[in-house]
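A.B. asks:
Residue numbers (full-length UniProt numbering): 1 to 147.
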């Protein structure tokens, strides 16, 4: 696995069967994009970013673009679910764009485990609108001086 910080502020995690990109669009507003497979080895570098922001007093807004995700390991889903459960108080709704029934079923399992945190989208326009709303909400909070 290769983990690199790119010049455009993306974290790139490359592994044998795909890659993950993590970008912070506004303070603590993240989008993660999964390509190929999602093995458990990518979880720690991804959530490390989120944990840093939580430690700094931020709430996390997370959007996941899984349209190019072909497969995820069960342990990947379990570890991400555990992190969401442990950090539920610091986590806004999670927006999930999917094109696979497997991903949709995984989201249903997470919601059944931790409560209705994941909002699923099948249409990119709706997903992008949810991200823009999260950015606007964060900018409004920032302008009032709150985190």
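Backbone N, C-alpha and C fix where the C-beta goes; we use that ideal spot for every residue, glycine too.
Can you list, in chain order, the residues of its chain whose CB lies under 7 angstroms from that of residue 53, leaving out five sequence neighbours each side?
C.D. replies: So the list reads 28, 60, once near-sequence residues are dropped.
A.B. asks: Within the continuous alpha helix (DSSP H) that includes residue 46, where are the two ends?
C.D. replies: Start and end: 43-55.
A.B. asks: Is the CB-CB distance between residue 95 and residue 117 below 7 angstroms?
C.D. replies: Taking 7 angstroms as the Cβ cut-off, residue 95 and residue 117 do not qualify as a contacting pair.
A.B. asks: Determine the DSSP secondary structure at residue 6, reduced to helix, strand or coil.
C.D. replies: Coil at residue 6, not helix or strand.
A.B. asks: Is residue 24 helix, strand or coil when you go by DSSP?
C.D. replies: Correct three-state label for residue 24: strand.
A.B. asks: Based on DSSP bridge pairs, tell me the residues matched to residue 17.
C.D. replies: Looking at the DSSP assignment, residue 17 forms no beta bridge with any residue, so it has no partner.
A.B. asks: Would you identify the three-state DSSP class for residue 98, choosing helix, strand or coil?
C.D. replies: Looking at residue 98 - three-state DSSP - the assignment turns out to be coil, as it is neither helix nor strand.
A.B. asks: Residues in the same chain with beta-carbon distance under 7 angstroms from residue 80, minus the five sequence neighbours each way, listed in chain order, please.
C.D. replies: 43, listed in sequence order.
A.B. asks: Is residue 129 helix, strand or coil by DSSP?
C.D. replies: Reduced to three states, the DSSP call for residue 129 is helix.
A.B. asks: Identify the continuous alpha helix (DSSP H) that holds residue 85 and give its terminal residues.
C.D. replies: First-last of the alpha helix (DSSP H) with residue 85: 74-86.
A.B. asks: Return the chain-ordered list of same chain residues with a C-beta closer than 6 angstroms to the C-beta of residue 63, the five sequence neighbours on each side being excluded.
C.D. replies: Contacts found: 31, 95, 131.
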